[in-house]
Amino acid sequence: MKAHLTLKYRPLSDTVLGFVEGLTPDAGESSTLPDISSTVVRDRLDADTTVEWAPIDGVDVLVGFQQLHASVRPRVEGLPGLIGVLVTELILKAKDDEDTEDVVGGPASILRSFEMRHDVDVTMLVKPVVVRERVRAPRATTKGVEAALHHMIDRAEVNEDDSSRPALAALRDLAASIGDGEGLSSERTAEAAFQAISSSGMRSRQQQTAWLNVVNDLRDQRTWSRAIQSAMSAPDSDAMSELDAAKNDDD
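Per this note's numbering, residue 13 is the first one in the sequence shown, and the count goes up by one each step.
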């Protein structure tokens, strides 16, 4: 049995959507096909990956997924191996097109997406056996992380400028991902935030370092409590500027 699989990638949001549009029997198979739309079970693999499974011939088969910050790590544990290969191929295709084409500015170019379609055997979409159990942080810890990030963001917004704007946007994205992630890890969004802060050119090196330390601790749920403490105790922008000035004087 073949599944008609469609993948769509939007570079602006770095998001991949995948879904099975239909099924086709192989030669010699019964023409009666399962109605996957009526038996879909939705789940989260992590805070950045949602999936949809449907039973076909007694096994769970992937029929839909959404992968945030896909370019950070295209392969996700818990997804069939083929998906990681196809997602990587699609992202590379998008990057090649962006490098070789003269893209006209404006909404059309910003919102454009890339797509691929494949007919794959349903056995390639069977739910894999997951070796590592998913870890969920307690609800109180998850909400604590979200609140601590917003506290840090709110204090920095007072002196927001062009140099800090990309970093603040990445922190907001991370707070939303963790807040909506049901206690699951948000490793790809954390890595994307780390990269955004590292490359932001923030005027305050002290603040940049403090933010990087917080985000680094948010990669792993075991260090979320430390991230909360760091975010809540981080000095405000004015204090960071004074620390930068003092360090420059010492140098």
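The C-beta atom is built at its ideal place from N, Cα and C for all residues, glycine as well.
Inside the segment 66-148, DSSP marks whole beta strand (DSSP E) runs of 3 or more residues at positions 71-79, 126-133, from first to last along the chain. Measuring C-alpha to C-alpha distances from G193 to each of E172, A82, E158 identifies E158 as the nearest. Boundaries of the alpha helix (DSSP H) harbouring D166: 151-169, taken from the DSSP string. Burial check for G40: the Cβ neighbour count within 10 Å stays below 16, so the residue is exposed.
Under the DSSP assignment, A15 falls in the beta strand (DSSP E) whose first and last residues are 14-22.
A Cβ-Cβ contact shorter than 9 Å links L98 with L19. Inter-residue distance for V141 and G90 is about 7 Å (C-alpha atoms, whole angstroms). Inter-segment contact for the segment 233-243 and the segment 206-218 is absent: fewer than three beta-carbon pairs are separated by less than 8 Å. Going by DSSP, T221 is part of the alpha helix (DSSP H) stretching over 217-229. Taking each of D60, E127, D174, R238 in turn and checking the Cα distance to R87, the smallest one comes out for D60. With contacts defined by Cβ atoms closer than 9 Å, S189 and S198 form a contacting pair.
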